[in-house]
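Only one structure is covered here, and it is reproduced in the block below.
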Amino acid sequence: MASKIIFLGDGGVGKTSLIRRYLGKGLSKGITLGVDFYSLHNGNADIVVWDLSGQERFRYLLDSFIVGARIAVLVFDLSRPSTMIRLEQWLGLLDKLNNQVKIILVGNKKDLGKRIDNEFIKQLINRIASKHRFLRYIETSAYSGENVDQLFELIRNIIRQDASNKEEKIRKIRAMI
Ligand SMILES: Nc1nc2c(ncn2[C@@H]2O[C@H](COP(=O)(O)OP(=O)(O)OP(=O)(O)O)[C@@H](O)[C@H]2O)c(=O)[nH]1
Ligand SMILES: [Mg+2]
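In numbering that gives the first Met the number 0, the protein residues as written are 0 to 176.
Below, the structure written as structure tokens:
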């Protein structure tokens with residue numbers, strides 16, 4: 000079965016653009032209506048990316064989309080501080096619906112210049128790490144492509160690692176029977 004990855008965060012932070020940039024499809028063409036799906040081949044551990052809309056009017060769909068995800072890529076816009084403050088709400092949703100999910104925090108639109116200071120980001124990371132399964136913080140630009148491949152390589156590696164851990168466990172159990 001393919002692993003489920005969700006991209007979430009406020010409207011307009013660049014979730015769709017990051018995915019499309021990675022896939023060589025150019026930036027986003029408009030807001031995401033509810034959810035879009037993208038599949039990534041990943042050896043014997045395929046991935047389905049669920050690109051969730053950040054728009055308020057689709058919030059009622061979110062609960063069911065968050066359940067069952069292995070990794071949550073939580074995106075904010077480095078040039079819009081409000082999108083970072085609202086991460087608390089996104090984290091609250093993850094807390095409530097999927098407290099096993101591993102979190103990658105992404106500060107996007109680095110090309111526009113940072114309007115959020117590093118101290119603030121550090122505090123946020125500490126808060127996430129104390130309560131959730133925090134993996135990494137990455138600053139990206141879907142516009143220039145900076146760190147976009149690195150973000151997806153990280154996702155692929157984690158999923159491959161999980162899959163090989165699972166196979167190892169199954170081998171051990173079989174050996175015991
Ligand atoms: N300068 C710059 N613009 C970006 C970047 N990423 C996305 N954008 C622009 O920001 C706008 C919103 O991008 P989307 O990818 O649609 O944002 P989203 O998070 O998917 O938004 P929703 O689907 O509404 O939740 C678009 O006009 C993009 O071209 C970036 O890294 N730098
Ligand atoms: Mg979108």
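Beta carbons: idealized from backbone N, C-alpha and C, even for Gly. If you're wondering where the values come from, they're calculated on a predicted model, not measured in any experiment.
query: Less than 7 Å between the CB of residue 140 and some heavy atom of ligand 1, yes or no?
result: The nearest non-hydrogen atom of ligand 1 is less than 7 Å from the C-beta of residue 140.
query: Which stretch, first to last residue, makes up the alpha helix (DSSP H) that contains residue 2?
result: It is not in any alpha helix (DSSP H) - residue 2 instead sits in the beta strand (DSSP E) that spans 2-7.
task: Return yes when the C-beta of residue 9 is under 7 Å from any heavy atom of ligand 2, and no when it is not.
output: No, since every heavy atom of ligand 2 falls outside the 7 Å radius drawn around the Cβ of residue 9.
message: Is the separation between the beta-carbon of residue 44 and that of residue 158 shorter than 8 Å?
response: In this structure, residue 158 lies closer than 8 Å to residue 44 by Cβ.
- prompt: Could you give the distance in angstroms between the alpha-carbon of residue 128 and the alpha-carbon of residue 172?
  reply: Between the alpha carbons of residue 128 and residue 172 lies a distance of about 32 Å.
message: Quick check on the DSSP output: the alpha helix (DSSP H) that includes residue 64 runs from which residue to which?
response: Residues 58-65.
- prompt: Who are the Cβ neighbours of residue 113 in its own chain at under 7 Å, not counting the five residues just before and after it?
  reply: Closer than 7 Å at the Cβ level, and outside the excluded window around residue 113, lie 77.
- prompt: Relative to the C-alpha of residue 75, which residue among 164, 176, 17 and 144 is closest?
  reply: It is 17.
task: Quick one: grab the DSSP three-state call for residue 223.
output: In the structure as shown, the chain starts at 0 and stops at 176, and residue 223 therefore has no counterpart that could be examined.
Rounded distance between the beta-carbons of residue 69 and residue 95, thought under 8 Å: The pair is not a contact, with the Cβ atoms about 18 Å apart (cut-off 8 Å).
query: Between which two residues does the beta strand (DSSP E) carrying residue 44 extend?
result: Careful: residue 44 lies outside any beta strand (DSSP E) and carries neither H nor E.
- request: Would you tell me roughly how many angstroms separate the C-alpha atoms of residue 116 and residue 134, rounded to the nearest one?
  value: Rounded to the nearest angstrom, the two C-alpha atoms are 21 Å apart.
field: Supposed close pair residue 8, residue 89 - CB separation, criterion 8 Å
entry: Confirmed, about 6 Å.
message: Please report the distance separating the alpha-carbon of residue 144 from that of residue 176.
response: When rounded, the distance between both Cα atoms is 50 Å.
task: Below 8 Å on the Cβ atoms is my guess for residue 5 versus residue 65; work out the distance and round it to an integer in Å.
output: Beta-carbon to beta-carbon, residue 5 and residue 65 are separated by about 6 Å, close enough to satisfy the 8 Å threshold.
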